[in-house]
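Single-structure report; data block below.
There are 2 protein chains.
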Amino acid sequence: MARRVEVRRAALAKNAELAARNRALFQAKGIKAINLLSAPGAGKTTLLEKTIRHLHEQGFRAAVIVGDLATENDAERLRRAGAPAVQIATGTVCHLDAAMVAGALEKLDQELELDGLDFLFIENVGNLVCPASYDLGEDLRVVLFSTPEGEDKPLKYPPMFKSAQLVIINKIDVAEVLGFDLERARENVRAIAPQAELLELSARTGEGLEGWYAYLEQQLQSQPRS
Amino acid sequence: MARRVEVRRAALAKNAELAARNRALFQAKGIKAINLLSAPGAGKTTLLEKTIRHLHEQGFRAAVIVGDLATENDAERLRRAGAPAVQIATGTVCHLDAAMVAGALEKLDQELELDGLDFLFIENVGNLVCPASYDLGEDLRVVLFSTPEGEDKPLKYPPMFKSAQLVIINKIDVAEVLGFDLERARENVRAIAPQAELLELSARTGEGLEGWYAYLEQQLQSQPRS
Numbered sequence: 000m001a002r003r004v005e006v007r008r009a010a011l012a013k014n015a016e017l018a019a020r021n022r023a024l025f026q027a028k029g030i031k032a033i034n035l036l037s038a039p040g041a042g043k044t045t046l047l048e049k050t051i052r053h054l055h056e057q058g059f060r061a062a063v064i065v066g067d068l069a070t071e072n073d074a075e076r077l078r079r080a081g082a083p084a085v086q087i088a089t090g091t092v093c094h095l096d097a098a099m100v101a102g103a104l105e106k107l108d109q110e111l112e113l114d115g116l117d118f119l120f121i122e123n124v125g126n127l128v129c130p131a132s133y134d135l136g137e138d139l140r141v142v143l144f145s146t147p148e149g150e151d152k153p154l155k156y157p158p159m160f161k162s163a164q165l166v167i168i169n170k171i172d173v174a175e176v177l178g179f180d181l182e183r184a185r186e187n188v189r190a191i192a193p194q195a196e197l198l199e200l201s202a203r204t205g206e207g208l209e210g211w212y213a214y215l216e217q218q219l220q221s222q223p224r225s
Numbered sequence: 000m001a002r003r004v005e006v007r008r009a010a011l012a013k014n015a016e017l018a019a020r021n022r023a024l025f026q027a028k029g030i031k032a033i034n035l036l037s038a039p040g041a042g043k044t045t046l047l048e049k050t051i052r053h054l055h056e057q058g059f060r061a062a063v064i065v066g067d068l069a070t071e072n073d074a075e076r077l078r079r080a081g082a083p084a085v086q087i088a089t090g091t092v093c094h095l096d097a098a099m100v101a102g103a104l105e106k107l108d109q110e111l112e113l114d115g116l117d118f119l120f121i122e123n124v125g126n127l128v129c130p131a132s133y134d135l136g137e138d139l140r141v142v143l144f145s146t147p148e149g150e151d152k153p154l155k156y157p158p159m160f161k162s163a164q165l166v167i168i169n170k171i172d173v174a175e176v177l178g179f180d181l182e183r184a185r186e187n188v189r190a191i192a193p194q195a196e197l198l199e200l201s202a203r204t205g206e207g208l209e210g211w212y213a214y215l216e217q218q219l220q221s222q223p224r225s
């Protein structure tokens, strides 16, 4: 067991080093990198489809790196929305790591000029546990959860929520039919992730998206974290 | 990297050994052990609440082991439903393993006579990736996914679905309002998990539960897997 812990520590140290390299690249190129995390099916891809279309209309340039165990489905959806997208198939690995993102950045770089890219969205593997431990070099970590999952998700997956700069509650359009208690959900977010901002929206119907878009544009004006 | 793979292989070999011990215990005591796996918020606990009540009414004895990163919430819900329940708090670990289950079995054994227990439900950590690799010694592996997560979950998390004896599609009561395509979901299950039986239900409304109850009672009559 001690050996396992030691190997894991070495892997995380190596990851931190590669994440710092990614971060330096993002800063040098003026790219705002956003790591998007959630359980399976919480609506990351739908949110990104809408977001990509909106940002393009506003004259911004955005690209996406997508992680899944298998399939190219999400990358294809995001390409149809108009963004260059690189799919990482992790096989049995439950999270993206900084090395995978570095590899995907090289692929993206062959497709488009990274200079002048405003946003890079990294859609992580659908998982509320493992990806919390892996810094990818992102500027911002956005954790989504959706009303069908229940109000208790922040309480049950604290490392993930504690690592977020922004928490999004998605699928608020079906909150009522599902008996989702929005006030209790807000309290749970505040209790576990007092550091995080909170947005509530429905990526599917578009309700609340203007708050998310405003948040993104604000980020472009802010200084990168170092 | 090679060292990581080797350490992981050793951990899985150790786990297999402990799982075999759990399995031998279940067989000796005549307990049907069921490993219940899903993404966060797919409805495992709600399904178990209803199931526990039903099994008790039918004169069966059932107990539960619950895994979560944090909180005793699910164990408390299941105790209120009438089952002895042991909560395992995994901290940052994304799955249960056979050693954790063995420890929980010892705790259960102090509370009740394991002999004469008909069903032991093991509610795994909400995660469609990591728990797939860890045999707990269970007789049956049941993988749930729910309509709000989308039809594509089997395609995106193949190791989990390939390891299932039974796949349950939950929350069919909201399938229509969410635009969930049940026929496409069935095709995806059949494509990835042709070995698995398939049930469709709503744990919340009770629709389809009779099929699940019948499935469980059939399992009691069948020989244990060895």
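Chains as they are written, first to last, in numbering that gives the first Met the number 0: chain A, 0 to 225; chain B, 0 to 225. C-beta atoms are modelled at their ideal positions from N, C-alpha and C, and glycine is treated no differently. These numbers come from a predicted model, not from an experiment.
Membership of Leu139(B) in the beta strand (DSSP E) is indicated by the continuous run Leu139 to Ser145. Beta-bridge pairing by DSSP links Lys31(A) to Phe118(A). In terms of Cα proximity to Arg7(B), the closest of Thr91(A), Asp180(A), Ile168(A) and Leu219(A) is Thr91(A). Counting along the chain, the unbroken beta strand (DSSP E) around Ile87(B) starts and ends at Ala84 to Ala88. In the DSSP assignment, the residues bridged to Ile168(A) are Phe144(A) and Glu199(A).
The straight-line gap separating the alpha-carbon atoms of Ala80(A) and Gln164(A) is approximately 26 Å. Of all alpha-carbon atoms in Phe144(A), Ile33(A), Asp96(A) and Leu77(A), the one lying nearest the alpha-carbon of Ala18(A) is that of Asp96(A).
Straight across, the Cα-Cα distance linking Glu186(A) with Glu150(A) is about 9 Å. Ala38(B): not part of any beta strand (DSSP E); DSSP gives it neither H nor E.
Contact check between the segment 112–119 of chain B and the segment 135–145 of chain A: fewer than three CB pairs, one atom from each, fall below 8 Å, which does not count as touching. Under DSSP, the beta-bridge partners assigned to Val65(B) are Gln86(B) and Glu122(B). Taking a C-beta distance under 8 Å as the contact criterion, Asn21(B) and Gly205(B) do not qualify as a contact pair. Of Gly58(A), Ile87(A), His55(A) and Gln57(A), the smallest CA-CA separation from Gly66(A) is found for Ile87(A). Ala84(B) is not a Cβ neighbour of Val100(B), given a cutoff of 8 Å.
For Trp211(A) against Leu200(A), the beta-carbon gap comes to about 6 Å, under 8 Å, which counts as contact. Contacts with chain B (Cβ-Cβ distance below 8 Å) from the segment 147–161 of chain A involve Pro147, Glu148, Gly149, Asp151, Lys152, Leu154, Lys155, Tyr156, Pro157 and Pro158, listed in chain order.
Contact residues of the segment 5–39 of chain B toward chain A are Val6, Ala10, Ala38 and Pro39 (C-beta to C-beta distance below 8 Å).
Counting along the chain, no alpha helix (DSSP H) covers Gly42(A), and no H or E run does either.
By the beta-carbon neighbour count (other beta carbons within 10 angstroms, threshold 16), Glu48(A) is buried. Residue burial is scored here from C-beta neighbours: Lys43(B) has at least 16 other C-beta atoms within 10 angstroms and is therefore classed as buried. DSSP places Gln217(A) in the uninterrupted alpha helix (DSSP H) bounded by Leu208 to Gln220.
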